[in-house]
Each structure stands twice: as structure tokens, then as C-alpha cells.
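Residue numbers (my numbering): 277 to 586.
All C-beta atoms in this analysis are idealised placements derived from N, C-alpha and C, irrespective of residue type, glycine included.
Worksheet for the structure shown next.
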């Protein structure tokens, strides 16, 4: 029996960070200087800022990490000094990249200031999220998945769906693909529910072990079979901290989108030349951070609004 479903895959949010941005000073405060490289001073503030970006470092590791960061900043300054001496920093491509980085950092800082207004989620919101997503918590499963990613030619998707509907296992579909000379890539993985896109998890939760489902996206069809699964629930107390962070990030994203929409509404925007009719040409208007509701739920993406629900 084959399940057919479609889902949207969340795009990870790109965060751009600048390192080693220090200032030359004629009257330095000695206690704030970590090292001097020629006439350039690397400050304790720079080291601490880099240390904060790493996160999760405590105790004896702080001193070791600080030393490693300082050495990296020294190496960076040596390279920057040579680049400036050779006028590489005046190269048009480099200048454009620097400007793009500056704009990204400033824009991100504004979004973060707006997002700081978000209040912590209420206990009732946390409880509701736990209750409404049993596939992540009370009925959470660990999935052993087999997957075929098939580049389907135009007009052949229906044939693949028909073959999958008749197949008893992925091996039957592999045989059919080879007979039809269709290229594919096979893969397998063992993943807990929170490491999969949320809307995909909701579909998998409806499937039994051995069942096959199809996921279509941009000319590629993923044929997914649950080879095996086991339940490993998370209680409400254990899930609460992660849900709170998840809901907080969702609210921050919503507020950022709302602010960007407000700015667009009050500002005259004119599309010119080849971009005169962006929507008519198939482009999609973007309002706010590009994080879809189906963003992968994992510890690595927790601070981006989805994840870590383990």
C-alpha cells in the first residue's frame, strides 16, 4: 500500500557574521588589549565576542578556547594587513562583498532588536503545542527510512506513482526504475521524528512499517519507505523547554515578517528592467526570514525557530 503526500522543505536561514573587526587606537587601555600585531591591537572585547558566538563553553574550556580564538585573530590580522598593503581591500569584488556583509549584519541587528520585544510563551501555549503534535512527543517514533530520489522526466510521475502503488517494497520500485532506464539515488537513515520536516513527520505518523510514500518537489520525487520504527515518547515536562524556545522563535519570525511588511507598505518600491514584473515572471515575493513551517526540527536549527525536541 502506497501513501502519496506532498510537503515543503524549510530552507535554512543564512546568518552572516563578521570576525576580527577591531579598531586602531592611539591611546589604548592596556587592560583591554589582548595582543598587538604590528600597530594593530586585538582587544579582549573581540576575543569575548568570538567566544560568545561559539556558545556552550564553560569552566576550564573558556581559557583554552580564548587562547585559540586569539591565535586565529592574530592570523587573520596578518592576512588583512598584507591584503591592505596590496590594495586587495579596494578590489571592486571585495568591496562589494564587504558592503553586502555590512548590510546583512545591520539588517540582522535591526530584526533582532524588533524580535526582542517578543514575550515568552504562556504555559497554555506550550501545553497546546505538546497536545497538538503527538507525533513529536507522546507518540514520537524513531524511523528507519529507505529512500529513492528519482529525477522524473516530464509526464512520467504518474507512471512512478502507479509502480509504487503496486510495489511491496522499495526493491520492486528499484527493479522498475532500472527497467525504465530512470536514474535514481538510494539512501537510508535512522532518524527520530524531530530531525525530519514537521509536515513529513505528520504524514509518516499515519503510516505503518513497510508502507511507501511519495514526496514530490521541483522535478524530483522521493520514494520513502518506513523499513522499521519504534516508539520513544517524550513527556510534557521534558519537552517543555524546547517547545518554549520553538514557540518563541516562531513569534520572533512572525514579528519580523510583520515589520518587513509594514516597511514595504510605507515605502515606494519600483521594479526596473528585466525585474519590472517579478511576480509575473514566476518569482515569489519574500516577506521576512525564509523559514517555512516544515523546517527540519533538530538541535542544530533550534535557534532558527525549529527543533531540538528530544
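### Message
Could you tell me which whole beta strand (DSSP E) segments of length 3 or greater appear in the region 350-379?
### Response
Counting only runs of 3+ residues, no beta strand (DSSP E) is found wholly inside the region 350-379.
### Message
Tell me the residue span of the beta strand (DSSP E) that contains residue 551.
### Response
The residue given as residue 551 occupies position 275 in the chain shown. Careful: residue 551 lies outside any beta strand (DSSP E) and carries neither H nor E.
### Message
On a Cα-Cα basis, can you pick out the residue from 483, 485, 491, 499 that is closest to residue 463?
### Response
Looking up residue 463 in the chain shown gives position 187. Of all alpha-carbon atoms in 483, 485, 491, 499, the one lying nearest the alpha-carbon of residue 463 is that of 499.
### Unbroken beta strand (DSSP E) run spanning residue 496, endpoints
Here the question's residue 496 lines up with position 220 in the chain shown. First-last of the beta strand (DSSP E) with residue 496: 496-507.
#### Entry: Residue closest to residue 523, alpha-carbon to alpha-carbon, out of 395, 375, 411
For the purposes of this step, residue 523 is identified with residue 247 of the chain shown, where counting begins at 1. Considering only alpha carbons, the answer is 395.
### Beta carbon of residue 391 nearer than 8 angstroms to that of residue 528
Here residue 391 refers to the residue found at position 115 when the chain shown is read from its first residue. Here residue 528 refers to the residue found at position 252 when the chain shown is read from its first residue. With respect to residue 528, residue 391 sits close: the two C-beta atoms are nearer than 8 angstroms.
#### Entry: Contact under 8 angstroms by Cβ, residue 350 with residue 313
For the purposes of this step, residue 350 is taken as residue 74 along the chain shown, with counting starting at 1. For the purposes of this step, residue 313 is taken as residue 37 along the chain shown, with counting starting at 1. Using a Cβ distance threshold of 8 angstroms, residue 350 and residue 313 count as a contacting pair.
### Contact set for residue 519: own chain, Cβ-Cβ below 8 angstroms, skip 5 residues either direction
What you label residue 519 is simply residue 243 of the chain shown in a count that begins at 1. Around residue 519: 397, 402, 405, 406, 585.
### Task
Please report the Cβ distance between residue 495 and residue 444, rounded to the nearest whole angstrom; I am assuming they are in contact, meaning their Cβ atoms lie under 8 angstroms.
Translated into the one-based positions of the chain shown, residue 495 becomes position 219. Translated into the one-based positions of the chain shown, residue 444 becomes position 168. Not confirmed; about 27 angstroms, so no contact.
### Query
Are the region 354-373 and the region 497-512 in contact at 8 angstroms, needing three or more beta carbon pairs?
Touching, no, given that fewer than three Cβ pairs across the two stretches are closer than 8 angstroms.
### Beta-carbon contacts of residue 452 that lie in its chain and below 6 angstroms, excluding the five residues immediately before and after
As a first step, residue 452 must be located in the chain shown, where it is residue number 176. Excluding positions up to five away in sequence, the list reads 439.
### Message
On a Cα-Cα basis, can you pick out the residue from 336, 342, 491, 318 that is closest to residue 329?
### Response
Along the chain shown, one-based indexing puts residue 329 at 53. Ranking 336, 342, 491, 318 by Cα distance to residue 329 puts 342 first.
### Task
Measuring alpha carbon to alpha carbon, tell me which of 310, 337, 368 ends up nearest residue 347.
On the chain shown, position 71 is the one that residue 347 refers to. Among 310, 337, 368, the Cα nearest to that of residue 347 belongs to 310.
### Query
Around the Cβ of residue 409, are there at least 16 other Cβ atoms within 10 angstroms (buried) or fewer (exposed)?
As a working note, residue 409 is residue 133 in the chain shown. Within 10 angstroms of the beta-carbon of residue 409 lie 16 or more other beta-carbons, which makes it buried.
### Query
Over what stretch of residues does the beta strand (DSSP E) that includes residue 319 continue unbroken?
Taking the first residue of the chain shown as position 1, residue 319 is located at position 43. Going by DSSP, residue 319 is part of the beta strand (DSSP E) stretching over 316-319.
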